[in-house]
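115 is the number that our numbering gives the last residue of the sequence shown; the numbers go up by one with no jumps.
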Amino acid sequence: MREGLAAIVEKLRSHMSSPRGWAPAEEHPPVSEAMDFLRDHGPLAHDWPNWRAGADLYAELTPERVATLDRQTTLMLLTSLAREERFCDGTWDRMFECGKGVWLFERWLELTPAT
């Protein structure tokens, strides 16, 4: 699993540094691949409607703050944004446009042990 996650992170980093900038997931495979990977390897069962702290945490997210997140919180943030995408089209893309998506996937990779 770590190898697959590392490949996703590398694609996201390359996509982020592209002079074309971010485009919707359907136009750029790395963004949609990240969603598919999360669905296959990361979703957590949780009481999502009552997880109010997640919205506040996401709103104030910085690279320094991401570096302090544990694996569960990282996956909870990613999963909550993937779930939100179903109800608010464009949420997933905006997460990557502002850089937070790459930070969170990089953190997930850091917290994933090598096998």
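Every residue gets a Cβ at the ideal spot worked out from N, C-alpha and C, and that includes glycine. Owing to the predicted nature of the structure, the values given are computational and were not obtained by experimental measurement.
> A59 to R86, Cα distance in whole Å?
Replying inline: Taking the first residue of the sequence shown as position 1, residue 59 is located at position 59. Taking the first residue of the sequence shown as position 1, residue 86 is located at position 86. Linking A59 to R86 through their CA atoms gives a straight-line distance of about 19 angstroms.
> Taking the alpha carbon of D93 as the point to measure from, which residue in N50, A67, P29 has its own alpha carbon closest?
Replying inline: Numbered from its first residue, the sequence shown carries residue 93 at position 93. Minimum Cα distance to D93 is reached at P29.
> At what residues does the alpha helix (DSSP H) containing T79 begin and finish?
Replying inline: Indexing the sequence shown from 1 puts residue 79 at position 79. Residues 71-87.
>> Quick check: L38 and L69, are their CB atoms within less than 9 angstroms of each other?
In response: As a position in the sequence shown, residue 38 is number 38, starting the count at 1. As a position in the sequence shown, residue 69 is number 69, starting the count at 1. No, they are not a contact pair.
> With DSSP run on the structure shown, which of helix, strand or coil describes T91?
Replying inline: To locate residue 91, count along the sequence shown from 1; it is residue 91. When secondary structure is reduced to three states using DSSP, T91 falls in the helix class.
>> So, for M76: in the same chain, excluding its five sequence neighbours on each side, which residues have a beta-carbon less than 8 angstroms away from its beta-carbon?
In response: The residue given as residue 76 occupies position 76 in the sequence shown. Its chain contains L44, H46, W51, G54 as the residues whose beta carbon lies nearer than 8 angstroms to that of M76, once the 5 sequence neighbours on both sides are disregarded; these appear in chain order.
> Going by the CB atoms, is the gap between R13 and E110 shorter than 9 angstroms?
Replying inline: As a working mapping, residue 110 is identified with position 110 in the sequence shown. As a working mapping, residue 13 is identified with position 13 in the sequence shown. Cβ atoms of E110 and R13: not closer than 9 angstroms.
>> What does the alpha-carbon distance come out to for the pair L57 and M1?
In response: The residue given as residue 57 occupies position 57 in the sequence shown. The residue given as residue 1 occupies position 1 in the sequence shown. Approximately 27 angstroms between the Cα atoms of the pair.
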